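Novice: The structure follows.
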Amino acid sequence: MKYRNAVLIVLLVIIADQALKFYVKTHFCNGDDVRIFGNWFRLHFIENEGMAYGVKLSASVTGKLLLSTFRLAAVIFGFYLLHRLVKKGYGKGVIICGALILAGAVGNLIDSLFYGLIFTDSPYVCFSGNYDSIRNMLQYHNKTLVSTVTHIGHGYGKFLQGKVVDMLYFPIIDTNMPKWVPFLGGKNFIFFEPVFNIADAAISVGVFTLVFFQKRLIHKRKPTTIITN
Numbered sequence: 323m324k325y326r327n328a329v330l331i332v333l334l335v336i337i338a339d340q341a342l343k344f345y346v347k348t349h350f351c352n353g354d355d356v357r358i359f360g361n362w363f364r365l366h367f368i369e370n371e372g373m374a375y376g377v378k379l380s381a382s383v384t385g386k387l388l389l390s391t392f393r394l395a396a397v398i399f400g401f402y403l404l405h406r407l408v409k410k411g412y413g414k415g416v417i418i419c420g421a422l423i424l425a426g427a428v429g430n431l432i433d434s435l436f437y438g439l440i441f442t443d444s445p446y447v448c449f450s451g452n453y454d455s456i457r458n459m460l461q462y463h464n465k466t467l468v469s470t471v472t473h474i475g476h477g478y479g480k481f482l483q484g485k486v487v488d489m490l491y492f493p494i495i496d497t498n499m500p501k502w503v504p505f506l507g508g509k510n511f512i513f514f515e516p517v518f519n520i521a522d523a524a525i526s527v528g529v530f531t532l533v534f535f536q537k538r539l540i541h542k543r544k545p546t547t548i549i550t551n
C-alpha cells in the first residue's frame, strides 16, 4: 500500500469528522439531544476539554495545554511512523489501522488548536432540549445559545485551548436494573453511554483491530522472488 493512499484515508476521515463537528457546533445548543434512529442513535452535542470519551488529564488550563501539546507531538510522530510502516513493507491492514488512529488524533487536535480561536462560546445547558428531528430542534431551541464563527482570536479561548466537539450517542440499552443486581440494583443503566465523535471512533476502530487481530495483521510483505532459467 502506498503512503499517499494512507494519507488519503487520513484526509477523508478528517474531512468527515470536521464537517460533522462544524455543523453541530454552529447549529446545536450545547446539550441539545436529537433522535436520529429511534432512541438508540442520537446526536447529543457536548464539548469535551479532555481526551477521547471525556477523559480529562487535568481540570486546569495547564493540563489542557499539556494535552494539546502532547497531541501535536503525537500527530507529528504519527505521520513519521505511518511513513515508516509503508516503507518497511507492512501489510495493508496495519497501514489502514495506523491511518485511522492518526486521522482520529489529527481530527481532535484541530479542535484543540483552533476551535477556541474561531468559534464563540456554546454555554452548556444540560440536555437543553430533546427533539424528534433536527428540523424540530432548529425551530424550537434557543438560537441565542448557538455558537457562531468569529474573527480569528475573538473566540471563546486561546490557541491550544479549544474544546473537542462530541455528538455521537448510542444508548442501545436504557433500562432500570432489577433490585437484586449487586451495586446497580434499582438504578438506571445505559449502554453505550459515552458521547464521542468520528475521530474517537476512528482511533477506537484502529486500536481494537490491531489488538484483536495483531497476529494476522502485523507482518511484513514477503519480497517477490523472480525465478530465471
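In short: position in the sequence shown from 1, add 322, done, that's the working numbering. For every residue, glycine included, the Cβ atom is placed at its ideal position computed from N, Cα and C. Remember, it's a predicted structure, so these values are computed and weren't measured experimentally.
(1) To the nearest whole angstrom, what separates the beta carbons of residue 487 and residue 386, a pair I think is in contact under 8 Å?
(2) Specify the secondary structure class of residue 325 as computed by DSSP and reduced to three states.
(3) Assuming residue 462 is part of the alpha helix (DSSP H), what are its boundary residues?
(4) For the alpha helix (DSSP H) that contains residue 530, what are its first and last residues?
(5) So the beta strand (DSSP E) residue 366 belongs to, where does it begin and stop?
(6) Going by the DSSP bridge assignment, what does residue 357 pair with across the sheet?
(7) Determine the direct distance from the alpha carbon of residue 464 to that of residue 456, and round the result to whole angstroms.
(8) Would you kindly report the start and end of the unbroken beta strand (DSSP E) that includes residue 442?
(9) For residue 445, I'd like the list of residues in its chain whose CB is within less than 7 Å of its CB, leaving aside the five on either flank, ordered along the chain.
(10) Find out if the Cβ-Cβ distance for the pair residue 477, residue 438 is shorter than 8 Å.
(11) Note down, in chain order, each residue of its chain lying with its Cβ closer than 6 Å to the Cβ of residue 508, except the 5 sequence neighbours on either side.
(12) Can you tell me whether DSSP reads residue 407 as helix, strand or coil?
(13) Closest to residue 369 by C-alpha separation, out of 470, 518, 512, 388, would be which residue?
(14) Would you tell me roughly how many angstroms separate the C-alpha atoms of residue 453 and residue 366, rounded to the nearest one?
(15) When you compare only the Cα positions, how much space is there between residue 470 and residue 411?
(16) Report the residue from 396, 418, 345 whose alpha carbon sits nearest the alpha carbon of residue 335.
(17) From 493, 324, 503, 425, pick the residue whose C-alpha is nearest to that of residue 356; which is it?
Specialist: According to the data block:
(1) At roughly 15 Å, the Cβ-Cβ gap does not stay under 8 Å, so residue 487 and residue 386 are not in contact.
(2) helix
(3) 456-462
(4) 520-534
(5) 363-370
(6) 364
(7) 14 Å
(8) No beta strand (DSSP E) holds residue 442; DSSP gives it neither H nor E.
(9) 352, 467
(10) yes
(11) 501
(12) helix
(13) 518
(14) 10 Å
(15) 46 Å
(16) 418
(17) 493
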